[in-house]
């Protein structure tokens, strides 16, 4: 597959009571493609992967692959706290038609760096899909260090890194590892403009669920080195970033999508719907986005 670049959306998963809401999911996918999103992630942390059973994972992913029909790459979130389970999930993702696997560091168990290397190498060797490493220590309690990423980047099936640590030093360290066949992607909307201006290849974005065209415009500006343009796009999205951090992801983004007519605002327990104290501000943010969220006219 081609190198991952630009605006990549970590899709939310709409539910209809206890079931998947596939019509709402179809509308969300179309919203992304119309807005110029350049790749999609299914069943990541924003997609409530922890709350999906195997049949739901397979159905959701297969539905997205069919709906997208090859227009953009589809990545599947297959990471678990166990290597064998991750390999099995990655094989199921391959069977469902995914183009690559987004594999988070094993959470809760806190492996060593050598353990992380062995884990990701085994998934790449045995899972059957290209692998994008995913480092998000705030969620997992485990930090994939740049030196370990450097060791893994030489594997022919490891094609990139989503780095959700937002500090400039870490981004600089991992950007130094990028090459023609290994992408470095920001995992933090609020700092992704700086990351891309500093050499990152793109962003795996939560905000793109709500504002795909605006996020695509930001990425386009940053990747062509237009710092002023990227900063202007970023400034227009700052209030959205803040809103999406008001409660744990994906609580706020699901509420925003509901306001846009894209599914229920309810995540699965133990997550709850966005607190009423945030609703008025959220509507203000969504209203303010309308001028910077036109339909994207370029090819995805």
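Numbering (this note's numbering), first residue to last: 284 to 583. Ideal Cβ positions, reconstructed from N, Cα and C, are used throughout, including at glycine. Please read all numbers here as calculations on a predicted model, not as lab measurements.
For the beta strand (DSSP E) containing residue i, list its first residue and its last residue.
i           : result
residue 446 : 441-446
Assuming residue i and residue j make a contact with CB atoms under 8 Å, what is their CB distance in whole Å?
i           : j           : result
residue 327 : residue 496 : About 21 Å; that fails the 8 Å criterion.
residue 420 : residue 442 : At roughly 22 Å, the Cβ-Cβ gap does not stay under 8 Å, so residue 420 and residue 442 are not in contact.
residue 295 : residue 330 : 6 Å
residue 523 : residue 490 : 5 Å
residue 468 : residue 432 : Contact flag wrong, Cβ pair sits at about 12 Å.
residue 290 : residue 481 : Contact flag wrong, Cβ pair sits at about 17 Å.
residue 323 : residue 358 : 7 Å
residue 310 : residue 545 : 6 Å
residue 435 : residue 404 : 7 Å
residue 304 : residue 488 : With a Cβ gap of about 22 Å, residue 304 and residue 488 do not count as contacting.
residue 458 : residue 483 : 6 Å
residue 540 : residue 492 : 6 Å
Return helix, strand or coil for residue i, following the three-state DSSP convention.
i           : result
residue 425 : coil
residue 510 : helix
residue 236 : Nothing can be reported for residue 236, as the shown portion of the chain is limited to 284 through 583.
residue 366 : helix
residue 472 : helix
residue 503 : helix
residue 456 : helix
residue 437 : coil
residue 286 : coil
residue 583 : Caution is warranted here: a pLDDT of 44 is assigned to residue 583, below 50, making its placement in the model unreliable, and the coordinate value is therefore given only provisionally. Here residue 583 sits in coil by DSSP.
residue 348 : helix
residue 480 : helix
residue 575 : helix
residue 553 : coil
residue 354 : coil
residue 379 : coil
residue 451 : helix
residue 432 : helix
residue 252 : Only positions 284 to 583 of the chain appear in this structure, which leaves residue 252 out of reach.
residue 420 : helix
With DSSP as the reference, please indicate the residues paired to residue i in a beta bridge.
i           : result
residue 384 : 359, 414
residue 292 : 323, 488
residue 303 : 298
Over the uninterrupted alpha helix (DSSP H) stretch that includes residue i, give me the two end residues.
i           : result
residue 570 : 562-572
Can you determine whether any heavy atom of the ligand GTP sits closer than 7 Å to the C-beta of residue i, and answer yes or no?
i           : result
residue 409 : This structure does not include the ligand GTP; it has no bound ligands of any sort.
At a Cβ threshold of 8 Å, is residue i touching chain C?
i           : result
residue 572 : Within the model displayed, chain C is absent; a lone protein chain is all it includes.
Could I get the ranges of all uninterrupted alpha helix (DSSP H) runs contained in the region 514-551, with 4 residues as the minimum, in chain order?
534-542
Give, in chain order, every unbroken run of the beta strand (DSSP E) that is at least 3 residues long and sits entirely within the region 312-343.
322-325
For the region 385-409, list the alpha helix (DSSP H) runs that are entirely contained and at least 4 residues long, ordered along the chain.
396-409
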